Amino acid sequence: MQFMSTWADSNGQRLVYLAPEVLAIFDRYIQGEQEAEAGGILLGHVRGAHLELLEATVPTPKDRRLKYFFERLLHGHRSIAEQRWRESNGLIRYLGEWHTHPEDHPTPSGLDVTEWQKLAAARRDGRPLLAVIVGRKSLRVEYMQSNGVRHQLHSVSL
Ligand SMILES: [Zn+2]
Numbered sequence: 000m001q002f003m004s005t006w007a008d009s010n011g012q013r014l015v016y017l018a019p020e021v022l023a024i025f026d027r028y029i030q031g032e033q034e035a036e037a038g039g040i041l042l043g044h045v046r047g048a049h050l051e052l053l054e055a056t057v058p059t060p061k062d063r064r065l066k067y068f069f070e071r072l073l074h075g076h077r078s079i080a081e082q083r084w085r086e087s088n089g090l091i092r093y094l095g096e097w098h099t100h101p102e103d104h105p106t107p108s109g110l111d112v113t114e115w116q117k118l119a120a121a122r123r124d125g126r127p128l129l130a131v132i133v134g135r136k137s138l139r140v141e142y143m144q145s146n147g148v149r150h151q152l153h154s155v156s157l
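Position 76 of the sequence shown, counted from 1, bears residue number 75 in numbering that gives the first Met the number 0, the numbering being contiguous throughout.
Written out as structure tokens, the structure is:
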């Protein structure tokens with residue numbers, strides 16, 4: 000597996016752990032030059048200040064016909080989030096979004112940042128949105144707050 004599983008913010012206070020199942024999904028959807036972006040939502044546990052990502056939803060056939068991730072979101076992805084939440088008695092929650100870029104070390108576009116902020120502002124629990132971009136060689140992992148403040152996370156070796 001090429002991507003790192005454990006991420007922390009700059010002061011190391013908040014950790015994000017990506018389960019092997021999530022990394023395997025990212026690995027499978029690494030974007031080639033001619034392919035459309037792929038993406039979905041991230042689901043998992045909140046453990047105090049930390050997040051444990053357990054599931055990344057994958058593109059539906061409908062999603063894959065469209066070039067840009069944020070035009071497609073809804074439908075199946077949201078209903079999976081609601082289903083997992085119900086089945087787990089609220090333990091498995093919506094945590095954020097992921098999508099691919101055809102870059103080795105991806106950076107968010109202006110559109111990405113705008114859409115992340117909208118999604119963060121729409122959260123009912125007031126928590127920041129976790130945003131992941133899957134590049135060809137590395138992940139970009141950020142928190143986006145509803146007020147637009149961003150925090151980039153860095154991979155850590157435990
Ligand atoms: Zn993007």
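Heads up, the beta-carbon is just placed ideally off N, CA and C, and yes, glycines get one too.
These numbers come from a predicted model, not from an experiment.
Residues that residue i bridges to, as DSSP identifies them
i	result
A130	E96, E141
S154	W6
E102	Per DSSP, none; premise fails for E102.
R149	M143
Y16	T5, E51
Environment of residue i [buried if 16+ CB atoms lie within 10 Å]
i	result
R83	buried
G43	buried
R116	Per the sequence shown, the amino acid found at residue 116 is Gln instead of Arg. It counts as buried.
D103	exposed
H100	buried
G125	exposed
A23	exposed
L94	buried
Residue i versus residue j - alpha carbon distance
i	j	result
H49	S4	13 Å
Q151	L138	11 Å
V140	H98	11 Å
G134	E86	32 Å
S9	G89	29 Å
E81	M143	22 Å
L14	A35	31 Å
P19	N146	32 Å
Q1	R122	31 Å
I40	A119	13 Å
Q33	R27	15 Å
R129	L17	It should be noted that the sequence gives Leu, not Arg, for residue 129. Going from the Cα of L129 to the Cα of L17 covers about 12 Å.
S154	A55	19 Å
Q30	S78	25 Å
E96	G38	7 Å
V112	W6	20 Å
I132	T106	8 Å
First through last residue of the beta strand (DSSP E) which encompasses residue i
i	result
G39	38 to 46
Run of the alpha helix (DSSP H) containing residue i, from where it starts to where it stops
i	result
A80	75 to 86
L110	109 to 120
Residue i: CB within 7 Å of a non-hydrogen atom of ligand 2
i	result
I132	Of the ligands this structure carries, namely ligand 1, none is ligand 2.
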